[in-house]
Amino acid sequence: MHINTSNSRTMAKSMIIAFFLTIIVVGSNAQNVIPVVQTGHSGKIKCVNWDNTGRYIASADMNNDVVINDVIAGKQFFKVKLPGKGTVTGLQFDKSKLIIANHGQNYVFDMNSLTLEPCNESINIAPDDGGYKLRGATVKKGARSLINKDIYVHFTQVASHPNGELVIAGDEAGWLYFCKPSLNIIKRDRTHRLDITDIDYSDDGKYIAIASADRSISIWSIAELKLEKRLVPRSFNIYGMDAHPDGSRLAFGDELGYTYLLVFENDKITCKGINTHRSRVNDVCFTPNPMCVATAGGDNFASVVDFENNIPLQYFKLQPNTSKLKQTFNIKGIQAKATSTDEDEIFFDENVYSVAVSPDGKQIAYSGGKWGNTNPMLKVSAISNLNLDEPKEKRKKRKMEIGLTQKNNKHIFPQLFFISENEFYGLGESNNEAQRFKLSITGYDEKDNTSVRSGFDDNVRPNNMTVIVSKSKKSMTDDYLVKKDLNSEDEFSCRGYTITRTSRGRSVKFEGHRGYINDVEIIRDKNYLISSAEDAAMIIWNIETGEKIMTVYVVDQGKLVFISPDNYYLAQGDALTGMGFNYNGRVLPAEQFDLKYNRPDIVMDKLGIFKPDVIALYYKAYLKRLSKTGFNVEMLKADMNLPELVIENVTDIQYKTTQPDLKLKLNMSDKMYEIDRMNVWVNDVPLFGTNGLSLIDKHTKNTGTEVNIPLSEGNNVIQVSCMNSIGVESLKDEFVIEREV
Amino acid sequence: MRLPVVIILLLLSISAMPQKLIRGYTVGYAHGFLSHGDAISIIDTTGYVDESYHAYADEEKLKYASASSLYFGFPIEYGYSRHRFTLLPAVDINTAHWYLHFEDPESMPFGLSANDSLYFKSFMIMPQVGLTYKFHFFAGGIHLAVGAGVDVKIPLSILTQTSLVDSDKTEYDPTMLGYKIHYTPNTIFDIASNPGVHLSPKFVFDIYLSRFLAINLMYYRNKLNSGEHNPLLSGYFGGGVTYLLPFGKEDDIRVLQQYKKE
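So this is what it looks like as structure tokens:
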């Protein structure tokens with residue numbers, strides 16, 4: 001077959017232009033386009049509800065975040081935070097509205113306008129338990145009963161299929177029991193690891209959504225009782241942070257155990273993540289080498305991480321003898337647990353809560369919890385063999401160290417701070433109290449204590465150093481974290497989701513987080529206050545005004561997305577996959593709005609730390625990117641009609657299929673121009689070639705067609721769009737289908 | 001040495017399985033009923049030929065003829081569905097009292113009158129390991145369990161006192177007098193005089209007051225009589241309380257490790 005290369009190339013170019021024109025035009029209507037970072041839930045999910053079409057699933061978590069997922073597009077549609085202190089008790093879709101039952105005040109979320117308003121409507125969900133009752137480790141209905149396979153584990157949910165032919169029960173260990181109406185088990189599965197918190201059947205009865213406290217939602221097909229999809233979180237809460245005295249680096253750690261180093265270089269921002277711990281990173285601290293960071297993990301280890309060699313150099317064990325077997329026979333631990341009234345208390349606490357490295361890089365100190373009824377651990381260890389002051393070639397991985405401790409130590413410090421080569425303070429255990437320790441040949445000796453607010457000597461006040469004045473259990477009504485800037489009178493107190501800076505009687509509030517604050521740090525010469533919270537976000541604020549400058553998300557372990565309050569973003573690497581755009585009630589791939597909102601120049605300008613010539617360079621690069629598509633900035637202001645493409649059988653699309661192809665019924669329309677062509681991409685490969693499938697012969701502004709799409713094994717990312725006769729392309733509709741062979 | 005290793009290996013292997021081990025502690029009291037239709041042989045070794053005499057449980061003093069068992073231990077449970085096994089390392093503190101009277105007081109070669117009496121008592125500390133199978137069921141929402149098993153008891157610290165008391169309250173040491181008392185194997189006083197490994201079959205019935213707090217009713221067989229006659233009633237009936245604690249659910253934070261992309 002002869003191919004006219006020149007024509008083909010011209011056509012391809014015109015399609016690219018049309019595509020970006022679409023992007024720009026749509027993008028110009030900024031209030032309708034909202035970037036959505038694919039974070040998922042950052043807390044335990046409490047309830048879940050399908051919409052009437054079976055396309056959307058809404059779920060609410062303990063942080064009062066409501067997440068709506070477009071299950072077919074495989075993307076998070078939107079995330080909204082309920083105001084106030086009440087907790088979400090239920091969700092119910094009413095066409096394109098989501099009614100959110102909340103203690104005290106109900107809300108309605110409009111999926112078209114993306115607005116959340118108080119409402120008087122109440123949800124009226126008929127109980128779907130089918131008369132099956134939960135009684136501890138049993139589910140009962142009349143004489144029929146289902147007994148948990150672990151007799152000491154209680155069932156938490158039961159739901160009967162509307163046709164009465166299936167009963168699903170979930171327990172607090174995450175097990176799912178798929179049963180006949182007689183409660184005979186058909187299948188048992190443990191996709192989830194924590195409590196099953198809600199079960200909801202889709203309106204067509206084909207699928208079921210199961211929410212768990214492990215922050216995920218699983219979707220099962222009823223016909224095959226097969227797991228079709230699992231909606232898992234992609235961003236995790238950031239805990240410990242530390243700002244380097246030079247003001248150009250920020251180290252932080254997340255819930256998954258990754259340690260990150262964010263560097264504000266002269267002309268760019270870089271971030272690197274290293275898998276360090278098997279639990280969350282509670283604290284991080286810079287060493288004298290700005291490329292090496294000490295971490296405190298929840299897995300019984302502190303470590304020193306080398307960001308030049310990209311490895312944890314050495315681990316330091318906190319509790320020397322911990323094992324499940326020991327927990328089994330630790331009678332004191334059993335007794336303590338039996339008599340305790342505090343549910344959150346950890347009896348076999350393996351958390352290292354804080355870490356610090358001496359100014360000469362020769363010693364590390366770390367403080368952790370009690371394991372059983374032992375004393376808490378405060379340890380020190382020599383790290384001179386890590387050669388932190390040497391070039392990276394001289395820094396080698398070392399064997400794990402046990403460290404030195406004092407048997408009679410009673411302290412658990414949330415922060416440690418070296419004031420000299422051989423002296424350090426423990427902070428945050430008692431309000432406004434700093435306990436001094438002096439290193440000795442056998443470890444350390446406890447010395448006097450002093451007031452935190454009275455400060456330390458002038459010569460031990462590194463830049464950007466904030467110290468904990470007090471720390472307590474997180475609360476909406478009391479200050480649970482108070483930190484003080486050592487070089488000023490500023491104090492930062494956290495209450496609920498808000499930070500307040502108090503300085504010389506003047507206070508500034510920092511409002512914008514959606515969860516409890518985990519840590520605050522300052523970078524004084526950049527005028528930044530940086531906070532991390534239990535909403536998977538890190539926010540950079542203007543420390544003077546309280547204005548939100550930038551929200552930072554870590555997506556898929558290491559990909560950073562910076563989003564400005566006006567929705568411009570900077571995404572590192574392929575972090576764009578962690579983004580989506582909500583436009584007119586649909587969630588669309590980020591690429592479609594990339595030209596409009598992927599604006600590193602704007603993001604860097606807003607950060608306010610880069611020189612104008614650097615920003616100008618980024619702006620030039622942006623213009624160049626625009627010009628490659630044949631457009632300029634002025635064209636962003638244009639307004640134009642777009643053709644529309646609707647997948648009519650969208651609700652028939654299965655999440656997984658064994659069929660070799662997929663039939664789509666498409667309807668394409670345009671108010672002004674005839675539909676010229678359409679195209680389908682499967683995993684970025686155009687099904688009908690780059691020119692697409694011509695529909696010009698139909699000479700119509702509204703046409704329907706059916707296409708058979710061959711599916712390859714595994715995931716098939718399918719995109720469909722149409723183009724009108726003047727070359728303007730519709731938005732691409734995207735969904736994912738997995739083919740099993 | 002092998003047994004502890006086997007137990008540890010067993011525990012390690014089962015703790016690696018998805019079903020969680022449950023452990024806790026238990027304390028209980030059991031009352032043992034002695035037979036009063038039973039006899040015991042006392043052998044006089046002072047003569048050229050050993051002579052045997054019989055003594056019977058004193059019916060008038062039957063209220064003193066009893067045994068008490070106070071035990072505390074640390075049960076470890078593991079199982080699947082309704083079927084669970086309990087391994088119960090425990091310590092049993094056991095006491096027994098038994099007054100006897102003689103078949104023919106006149107023929108007694110020791111003592112001076114028919115009012116002379118024979119009195120046994122024992123005090124034993126017995127480490128034990130019990131293994132019990134339990135079947136769990138629910139009756140009207142109440143969690144119950146029935147089970148059967150065996151306790152392996154190893155008497156360690158034993159204090160026995162056997163006294164022949166005459167009406168004038170003069171005590172005679174039977175060994176000094178040259179008497180031997182013959183205990184039938186596996187009876188309580190035999191255990192006391194011959195330490196070794198003793199097996200006690202037992203039956204239990206548990207009523208769960210809450211998920212992890214259970215009242216235990218039990219019967220276990222441990223011969224209390226001499227064994228020469230079939231007793232009307234023999235064994236221990238008791239009750240106890242067990243508080244079990246699971247290791248807890250999976251750590252909320254560590255569960256997140258499943259989302260790590262290595």
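Top to bottom, those sequences are chains A and B.
Last residue of the first sequence: 741 in the numbering used here, with the numbers rising by one and none dropped.
Last residue of the second sequence: 262 in the numbering used here, with the numbers rising by one and none dropped.
Think of the CB as a built atom: it goes at the ideal place given N, C-alpha and C, for glycine as much as any other residue.
Buried/exposed call for residue i, threshold 16 Cβ in 10 Å
i        : result
A:Gln659 : exposed
A:Thr22  : Unreliable positioning characterises A:Thr22 in this predicted model, as indicated by a pLDDT of 45, which lies under 50. The coordinate reading is nonetheless provided below. Its Cβ being crowded by 16 or more others within 10 Å, A:Thr22 is buried.
A:Glu224 : exposed
B:Ala139 : exposed
A:Ala638 : Caution applies to A:Ala638, whose pLDDT of 49 falls short of 50 and renders its modelled position unreliable; the model cannot decide the point.
A:Ala575 : buried
A:Tyr260 : buried
A:Glu511 : exposed
B:Val5   : exposed
Simplified DSSP state of residue i, which is helix, strand or coil
i        : result
A:Ser627 : helix
A:Ala621 : helix
A:Ala536 : coil
A:Gln659 : coil
B:Gly73  : strand
A:Arg524 : helix
A:Gly689 : coil
A:Lys611 : coil
B:Gly239 : strand
A:Gln363 : strand
B:Lys261 : coil
A:Asn385 : helix
Host beta strand (DSSP E) of residue i (start-end)
i        : result
B:Arg254 : Counting along the chain, B:Arg254 falls outside any beta strand (DSSP E), though it belongs to the alpha helix (DSSP H) covering 252 to 255.
A:Gly426 : 423 to 427
A:Asp61  : 56 to 61
A:Asp556 : A:Asp556 -> no beta strand (DSSP E), and no H or E assigned at all.
A:Ala571 : 569 to 571
A:Arg188 : 185 to 189
A:Met678 : 675 to 682
Chain A residues whose Cβ lies nearer than 7 Å to that of residue i
i        : result
B:Leu256 : Phe236, Glu255, Leu256
B:Tyr80  : Lys149
B:Arg84  : Ile151
Chain-ordered chain B contacts of residue i [CB-CB under 9 Å]
i        : result
A:Thr138 : Phe138, Gly141, His143
A:Pro233 : Leu256, Tyr259
A:Asp535 : Correct list: empty, because the minimum Cβ distance to chain B is about 15 Å.
A:Tyr132 : Within chain B, no residue comes near A:Tyr132; the closest Cβ sits about 14 Å away, beyond 9 Å.
Cβ-Cβ distance between residue i and residue j below 8 Å
i        : j        : result
A:Ile709 : A:Val680 : yes
B:Tyr220 : B:Asp151 : yes
A:Phe562 : A:Val555 : no
B:Leu131 : B:Phe137 : no
B:Leu213 : B:Phe205 : no
A:Lys471 : A:Pro414 : yes
A:Ala159 : A:Ile199 : yes
A:Val88  : A:Lys46  : yes
A:Phe437 : A:Val357 : no
A:Pro462 : A:Ile412 : no
A:Ile34  : A:Phe610 : no
Beta-carbon neighbours of residue i, restricted to chain C and to distances below 7 Å
i        : result
A:Arg280 : Within the model displayed, chain C is absent; protein chains A and B are what it includes.
Under 8 Å by beta carbon: chain A residues contacting residue i
i        : result
B:Phe135 : Within 8 Å Cβ-Cβ: nothing; B:Phe135 doesn't reach chain A, min ~10 Å.
B:Gly33  : The residue you asked about is not Gly; residue 33 of chain B is Phe in the sequence shown. Under the 8 Å cutoff, chain A gives no residues; its nearest Cβ is about 32 Å from B:Phe33.
B:Phe212 : Tyr152
B:Ile22  : Tyr152
Range covered by the alpha helix (DSSP H) that runs through residue i
i        : result
A:Val603 : 600 to 607
A:Leu231 : Careful: A:Leu231 lies outside any alpha helix (DSSP H), inside the beta strand (DSSP E) at 226 to 231.
A:Tyr597 : 594 to 597
7 Å Cβ cut-off: residues of chain B touching residue i
i        : result
A:Tyr748 : The structure shown has nothing for residue 748 of chain A, since chain A only spans 1 to 741.
Partners in chain B for residue i, counting only beta-carbon separations shorter than 8 Å
i        : result
A:Gln557 : Lys260, Lys261
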